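**Q** One point on numbering: in full-length UniProt numbering, the residue at position 311 of the sequence shown is 311, and numbering is uninterrupted. All C-beta atoms in this analysis are idealised placements derived from N, C-alpha and C, irrespective of residue type, glycine included. The model shown is predicted, which means the values in this text are computed figures rather than measured ones.
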Amino acid sequence: MTQIRPRGAVAPLRRPALSSRRPSVDAVVASLRPEEPVHCLRPQAVSAAARAFVAAFPGDVLYAVKCNAEPTVLRAIAAGGVTHFDCASEGEVRLVRSLFPDAAIHFMHPVKSRGAIRSAWQQHGVRDFVLDTDGELTKILEETGDGEDLGLVVRLALPKGNAAYDLSGKFGAAPAEAAALLRAARPHAARLGLSFHVGSQCMDPSAWTRALALAAEVIAAADVAVEIVDVGGGFPVAYPGSEPPALDLFMDAIRAGAALLPEGVRLWAEPGRALVAGGASVVVQVQQRRGDALYVNDGVYGALSDAGAPGFRFPHRLIRLDGEAAEVERAFTLFGPTCDSADVMRGPWILPADVAEGDWIEIGQLGAYGTALRTAFNGFDRAHVTEVSDSPMLATPGYEAGAPARAA
Ligand SMILES: *Cc1c(COP(=O)(O)O)cnc(C)c1O
1 MTQIRPRGAV APLRRPALSS RRPSVDAVVA SLRPEEPVHC LRPQAVSAAA RAFVAAFPGD
61 VLYAVKCNAE PTVLRAIAAG GVTHFDCASE GEVRLVRSLF PDAAIHFMHP VKSRGAIRSA
121 WQQHGVRDFV LDTDGELTKI LEETGDGEDL GLVVRLALPK GNAAYDLSGK FGAAPAEAAA
181 LLRAARPHAA RLGLSFHVGS QCMDPSAWTR ALALAAEVIA AADVAVEIVD VGGGFPVAYP
241 GSEPPALDLF MDAIRAGAAL LPEGVRLWAE PGRALVAGGA SVVVQVQQRR GDALYVNDGV
301 YGALSDAGAP GFRFPHRLIR LDGEAAEVER AFTLFGPTCD SADVMRGPWI LPADVAEGDW
361 IEIGQLGAYG TALRTAFNGF DRAHVTEVSD SPMLATPGYE AGAPARAA
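What follows is the structure in structure tokens.
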């Protein structure tokens, strides 16, 4: 059988031979003088963040694989104590299963192909599936043969909140509908759950308390036993000019909301960004300067998607190997390498005033929705990947390496 390679498939990240195994970002640049973007992974920072979240969260932690599916990152997540994975596609299920034969995989996309449900159930041992319509419940029951040990989770839609990314527009059942789905699913479920997502990079802990209060109302209206409430992801990280409240305040808000749930309900969470944002920097090279415009070798079709139209700001610093940079700084706009005029990242990027062709820029907090989003558009998909052991450019309160676990 021939494998159909999708048009625009992304070239694998290339692992260069480096003199020392776990150098700093500066050492990587000095050794490679790279003309292609370099993804510098920090597995120990990912493990530390995972450990901190697992220690703080009063329930099971499912890592949301879409946020960063690099095998190095997935292994670091597991090394941090995470044994559950939130997958959204057959490809993610297959990848996680190939790395972790014993992990619990949860299929948390509310709209799945029949083939994906079937292969997850039959070949990959997936037992928990999410749904937000009657039609999806029918599909899951037919493709799993209404099997024993089936876990069913109903996704509840939330009113629009104040997260940077609203995730309520596309998926989720309205409260009355969700209650009806819980009733319909109950006779088929070895485990019945209710899930929601407050939106990504949600800075307000009370969003979880409000969502849990709504979940409690839905469960009461359904009037059936529910074993699991899944509080989703959305836990924020630090970006320049935006430091979130400490992790413990989110956990306090979750405990306050969970107190409204029926006795004995088990909590799940699906963090993505919070576990991996600090886990990668991308080093780009300046290939041309025109006034305050810098043309660099990665952009919105590469790892810098969120720096484009969504307007996220990322920590950054100049790396120049030969000579000192000017002390005076000024604001620059970055342009990516493709020919699309949408390939622009307005920042502002504050850098030494004498930035020049050949300089490099380290851009941090790209472990989340950065390295995972690159495309092959316009042929700019070549990049190096390596591991570094220096610290992330920004720390998020509560996730620092060695952060003390909260007393129970
Ligand atoms: C994307 C996603 C997550 C992870 O969200 P973060 O904001 O990265 O924590 C978790 N659950 C679901 C259903 C998602 O779609």
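Is it the case that the CB of Phe312 approaches a heavy atom of ligand 1 more closely than 7 Å?
**A** no
**Q** Near Ser281, which residues of its chain fall below 7 Å by C-beta distance, leaving aside the five closest residues on each side in sequence?
**A** Val25, Cys40, Glu362, Ile363, Gly364, Leu366 and Met393
**Q** Whose C-alpha, out of Ser391, Leu194, Ala331 and Asn378, is nearest the C-alpha of Glu270?
**A** Of the listed residues, the one whose Cα sits closest to Glu270 is Leu194.
**Q** Can you tell me the Cα-Cα spacing of Arg186 and Gly125, whole angstroms?
**A** 21 Å
**Q** Under the assumption that Glu70 contacts Thr371 (Cβ atoms under 8 Å), give the Cβ distance between them as a whole number of angstroms.
**A** 6 Å
**Q** Using DSSP with H/G/I as helix, E/B as strand and the rest coil, what is Asp26?
**A** helix
**Q** Name the DSSP beta bridge partners of His384, please?
**A** Arg14 and Val38
**Q** Bridge partners for Arg155 per DSSP, in chain order?
**A** Ser195
**Q** How about Gly91 and Ser47: do their beta carbons lie closer than 8 Å?
**A** no
**Q** Check Ala259 in the structure and name its three-state DSSP category.
**A** Coil, per DSSP.
**Q** Check whether the Cβ atoms of Ala157 and Ala184 sit closer than 8 Å, and answer yes or no.
**A** no
**Q** Just tell me which of Pro34, Ala11 and Gln201 has its CA closest to the CA of Gly358.
**A** Pro34
**Q** For the beta strand (DSSP E) that Pro71 lies in, which residues bound it at each end?
**A** Segment Pro71 to Ala79 is the alpha helix (DSSP H) holding Pro71; no beta strand (DSSP E) there.
**Q** Note down, in chain order, each residue of its chain lying with its Cβ closer than 6 Å to the Cβ of Thr2, except the 5 sequence neighbours on either side.
**A** Caution applies to Thr2, whose pLDDT of 49 falls short of 50 and renders its modelled position unreliable; the value that the coordinates give is listed next. Closer than 6 Å at the Cβ level, and outside the excluded window around Thr2, lies no residue.
**Q** Look at the alpha carbon of Val153 and the alpha carbon of Phe57, and state the distance between them as a whole number of angstroms.
**A** 20 Å
**Q** Which same chain residues, not among the five before or five after Ala342, have their C-beta less than 8 Å away from its C-beta?
**A** Val300, Gly308 and Ala309
**Q** Cα separation between Leu141 and Thr209?
**A** 32 Å
**Q** Pairs of beta-carbons, one from the segment 315-335 and one from the segment 345-354, closer than 8 Å: are there three or more?
**A** yes
**Q** Report the CB separation of Asp86 from Ala50 in whole angstroms; it is logged as a contact under 8 Å.
**A** The beta carbons of Asp86 and Ala50 sit about 13 Å from each other, so the pair does not count as a contact at 8 Å.
**Q** Closest to Val296 by C-alpha separation, out of Val38, Ala11, Ala180 and Gln287, would be which residue?
**A** Gln287
**Q** Alpha carbon to alpha carbon, how far is Pro397 from Ser305?
**A** 25 Å
**Q** Does the beta carbon of Glu92 fall short of 7 Å from some heavy atom of ligand 1?
**A** no
**Q** According to DSSP, is Glu357 helix, strand or coil?
**A** coil
**Q** Thinking just about the alpha-carbon of each residue, which of Val54, His197 and Pro240 is nearest to the one in Phe314?
**A** Pro240
**Q** Under 8 Å between the Cβ atoms of Ala274 and Phe129?
**A** no
**Q** Report the option in Ala303, Ala326, Gly347 and Tyr399 whose CA atom is closest to the CA atom of Thr338.
**A** Ala303
**Q** Alpha carbon to alpha carbon, how far is Arg114 from Thr144?
**A** 10 Å
**Q** Among the residues of its own chain, which have a CB less than 8 Å from the CB of Ala221, if the five just before and after it don't count?
**A** Pro175, Ala176 and Ala179
**Q** Just the C-alpha distance for Ala213 and Arg155, rounded to the nearest angstrom, thanks.
**A** Taking the straight line joining both Cα atoms gives about 15 Å.
**Q** Can you give the Cα-Cα distance for Glu98 and Asp292, rounded to whole angstroms?
**A** Correcting the residue type first, residue 98 is Ser in the shown sequence and not Glu. One C-alpha to the other measures close to 47 Å.
**Q** Quick one: does the C-beta of Ala184 sit closer than 7 Å to a heavy atom of ligand 1?
**A** no
**Q** Here's the rule: buried if 16 or more other CB atoms are within 10 angstroms of the residue's CB, otherwise exposed. What is Thr138?
**A** By the 10 Å Cβ count, Thr138 comes out exposed.
**Q** Assuming contact is defined by CB atoms lying nearer than 8 Å, are Gly172 and Val198 in contact in what I supplied?
**A** no
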